[in-house]
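These protein sequence lines are chains Y and B, in that order. So the first sequence is residues 1 to 325, counted in this note's numbering. So the second sequence is residues 1001 to 1325, counted in this note's numbering. See structure below.
Protein chains: 2
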Amino acid sequence: MDVQETLKPYVIGLDLGGTNSVFGIVDSRGEIKATTAIKTQGYENVNEYVDASVDALHIIIDQVGGIQNIKAMGIGAPNGNYYTGTIEFAPNLSWGHSGIVPLADLFSKKLNIPVALTNDANAAAIGEMTYGVARGMKNFIMITLGTGVGSGIVVNGQLVYGSDGFAGELGHTIIRRENGRSCGCGRDGCLEAYCSATGVARTAREFLQTTEEPSILREINPEEITSLDVSIAAGKGDKLAQRVYEFTGELLGEACADFAAFSSPEAFIFFGGLTKAGDLLMNPLKESYDKHVLNIFRGKAKFLVSGLDGSSAAVLGASAVGWEL
Amino acid sequence: MDVQETLKPYVIGLDLGGTNSVFGIVDSRGEIKATTAIKTQGYENVNEYVDASVDALHIIIDQVGGIQNIKAMGIGAPNGNYYTGTIEFAPNLSWGHSGIVPLADLFSKKLNIPVALTNDANAAAIGEMTYGVARGMKNFIMITLGTGVGSGIVVNGQLVYGSDGFAGELGHTIIRRENGRSCGCGRDGCLEAYCSATGVARTAREFLQTTEEPSILREINPEEITSLDVSIAAGKGDKLAQRVYEFTGELLGEACADFAAFSSPEAFIFFGGLTKAGDLLMNPLKESYDKHVLNIFRGKAKFLVSGLDGSSAAVLGASAVGWEL
């Protein structure tokens, strides 16, 4: 390694979401030194988006002593392909939904530093390995429980990208093959259709429709129930709401039992909004896992919740992709 | 590397099966230079088994110019743990079913060469990567369709052993969660209960029992039907027998669609007795995969049958584990 290189103490992380793009400048211990944000949408094309990003970035780059202190940039983005540094047909990005956008290249040319990009769940896994509860782990599976269900798989200390850069779509493994719920991907029975935030709301609506059981959730228009409503109701002791989390945990445990047969991870690490339900979700999950997993794996894997602060975890994860360069 | 080391042109491969233990001395191009075999069972303890093995080995070691020409030994064995070099609670081995047997160590001390050990399906995957159709592939999944269903998964050019050495048990992922067939592992609905040789025979019996359809398989006592009988009948144009292979391929395709979501392999490679059915199995398998797989993976993975000769593949696979040392 070049001596100059070792003196660059920071990386830039970009958490590129459907609404906001959040930038952070991060040191090697995971401390965010400066941060800024722009809207992700509203640009004619990706070049305008990159220009607006770089304008915002220059201010925080100056705050840390200029670009000569920045080693690299990491991006966590929907449909991000690590191998090519591109975003491919991202349905929720106005400037990215209809093609392949070479985002890493565009930033690299503007900033004159190396730039790497991967999808948000992979970035979360790398972040956890760099700064979080997965430090020192060589084999683990990160499962993000948000609007969808994402995953980042680490094997032998490396992210699993697969032959095309798109490995680790565990939210789209089939958990119910008969009469499975329709999923946004066009198929039926995906884990994501059950164990995402929207899946939890669907389960609540199903339970309300198919039983006469009293529940404070009946005070809400069924179409407007969110996973947060279910979580609040469960916290207040609402039995139906609690059963929604039991059901969700039960399915996640079944799924993890299959994932263990694949890569036998040291830990499953959960991240995202649903983990706020705590033991309401994690206890039935662990019980279900022990019940369903193959004998030789029983009792081995740890079940952990991400140790990274929710609001900064995505930026930290993205920045960690930069350190990998 | 020591100069002396580079001059050692051979490795020993041991295919340790429930009945026979087959040894081969193999060069770096996968040519078997000498071979011998002993019975696996009938010894009081593992030390007697190792002594008998070494006695048999000395003869073929002498044939290739002595132990100074041997770099290492690789063993493919049921319930083999790569990390520890042990066989753990192997149900079919009289000297290995009730505990943890340090087989790699025992051979290493007797022969004074490095010895590595892994399970048979992992050995098959390494063999395919070293000598077969997976040469040059960094990401693939090997699926062995024999008495059981085994698997060896390669990610980033490395075998996936997981945190405990037992990763890659894809035969024990659940393919039918409701009313699934009982599996030898004590659970219900495993892929192995459907897509192994015994699974194919079970499917044939089910089809014969639940339909009135004519079939030449009705001439055989149902309890005695084997996958070979089904294969022969299918080859003769028997419709029921052909539907057994369609059903088997359909389920394997569904399973591979989930495996793609995990590691997005460049290829699925099939090995073992069932692959002799050829297109009868592979065509419905590929159709089912394309129908069930997530959009972004469709049309990408290759479906291959092992290029290694069945009778020597297991020894070659085991020997390849030795080259990895």
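No residue lacks a Cβ here, since even glycine has one placed at the ideal position from N, Cα and C. Since the model is a prediction, treat every value here as computed from it, not as a measurement.
### Task
Tell whether a beta-carbon distance below 8 Å holds between ILE153 of chain Y and PHE1297 of chain B.
no
### Task
Just the C-alpha distance for THR248 of chain Y and TYR194 of chain Y, rounded to the nearest angstrom, thanks.
7 Å
### Query
Roughly how far, in whole angstroms, is the beta-carbon of ALA116 of chain Y from the beta-carbon of GLY322 of chain Y, given that I think they are within contact range, below 8 Å?
6 Å
### Task
Could you tell me how far apart the beta carbons of ILE225 of chain Y and ALA201 of chain Y are, in whole angstroms, since I believe they sit closer than 8 Å?
5 Å
### Message
Suppose contacts are defined by Cβ-Cβ distances below 8 Å. Is TRP1095 of chain B in contact with VAL1054 of chain B by that definition?
### Response
no
### Message
Going by beta-carbon coordinates alone, are ALA1241 of chain B and ALA1197 of chain B separated by less than 8 Å?
### Response
no
### Message
Using a 10 Å radius around the Cβ and a threshold of 16 neighbouring Cβ atoms, would you call ARG1135 of chain B buried or exposed?
### Response
exposed
### Task
Using a Cβ cut-off of 8 Å (strictly closer), state whether PRO1356 of chain B contacts chain Y.
No information on residue 1356 of chain B is available, as it lies outside the stretch 1001 to 1325 that chain B covers here.
### Task
With DSSP as the reference, label VAL3 of chain Y as helix, strand or coil.
Residue confidence is low: VAL3 of chain Y scores 44 on pLDDT, short of 50, so the model does not pin down where it sits. Its coordinate-derived value is still stated next. If DSSP states are grouped into helix, strand and coil, VAL3 of chain Y belongs with the helices.
#### Entry: Spatial distance of ARG1177 of chain B from ARG177 of chain Y (CA atoms)
8 Å
### Query
Which term fits SER1182 of chain B, buried or exposed, when burial requires 16 or more other beta carbons within 10 angstroms of its beta carbon?
exposed
### Query
How is the alpha helix (DSSP H) around LEU16 of chain Y delimited, first residue to last?
No alpha helix (DSSP H) contains LEU16 of chain Y, which is instead part of the beta strand (DSSP E) from 10-16.
### Beta-ladder partner(s) of LYS1239 of chain B, from DSSP
Answer is none; LYS1239 of chain B lacks a bridge partner.
### Task
With 9 Å as the C-beta to C-beta threshold (strictly closer), list the residues of the stretch 1271-1290 of chain B near chain Y in chain order.
none
### Query
Can you tell me whether DSSP reads ASP1164 of chain B as helix, strand or coil?
coil
### Message
Using the three-state DSSP reduction, which class does ALA1121 of chain B fall into: helix, strand or coil?
### Response
helix
### Message
Since ALA1167 of chain B and MET1142 of chain B should fall inside the 8 Å C-beta cutoff, what is the C-beta to C-beta distance between them, to a whole number of angstroms?
### Response
Their Cβ separation, rounded to whole angstroms, is 13 Å, which puts ALA1167 of chain B and MET1142 of chain B out of contact at 8 Å.
### Message
Can you check whether the C-beta of PRO1009 of chain B is within less than 8 Å of a C-beta belonging to chain Y?
### Response
no
### Task
Determine the chain Y residues that contact HIS1172 of chain B at a beta-carbon separation under 7 Å, and present them in chain order.
ALA261, LEU294
### Task
Using a Cβ cut-off of 8 Å (strictly closer), state whether PHE207 of chain Y contacts chain B.
no
### Query
Can THR1035 of chain B and ILE1060 of chain B be called in contact, C-beta distance under 8 Å?
yes
### Query
From TYR10 of chain Y to ILE25 of chain Y, what distance separates their C-alpha atoms?
6 Å
### Query
Since LEU1145 of chain B and GLY1235 of chain B are thought to touch, with beta carbons under 8 Å apart, how far apart are those beta carbons, to the nearest angstrom?
Actually they are not in contact, since the Cβ atoms of LEU1145 of chain B and GLY1235 of chain B sit about 17 Å apart, beyond 8 Å.
### Query
So ASP1055 of chain B is in the alpha helix (DSSP H); what residue range does that whole segment cover?
1046-1063
### Message
Strictly below 8 Å CB to CB, what residues from chain Y border ILE1153 of chain B?
### Response
PHE262, SER263
### Proximal chain Y residues relative to VAL1160 of chain B, where beta-carbon distance stays under 7 Å
VAL155, SER263
### Message
Among B:LEU1106, B:SER1288, B:PRO1284, B:VAL1160, whose alpha-carbon lies nearest the alpha-carbon of ILE1126 of chain B?
### Response
B:VAL1160
### Query
Does ASN122 of chain Y come within less than 8 Å of chain B when only Cβ atoms are used?
no
### Query
Where in the stretch 1231-1284 of chain B do unbroken runs of the alpha helix (DSSP H), each at least 4 residues long, occur, reported from the N-terminal end onward?
1239-1263
### Query
Counting only beta-carbon atoms, is ASN119 of chain Y nearer than 8 Å to chain B?
no
### Task
Give the DSSP-derived three-state secondary structure of GLU287 of chain Y in the structure shown.
helix
### Query
Just reading off the beta strand (DSSP E) that THR1144 of chain B is part of, what are its end residues?
1140-1145
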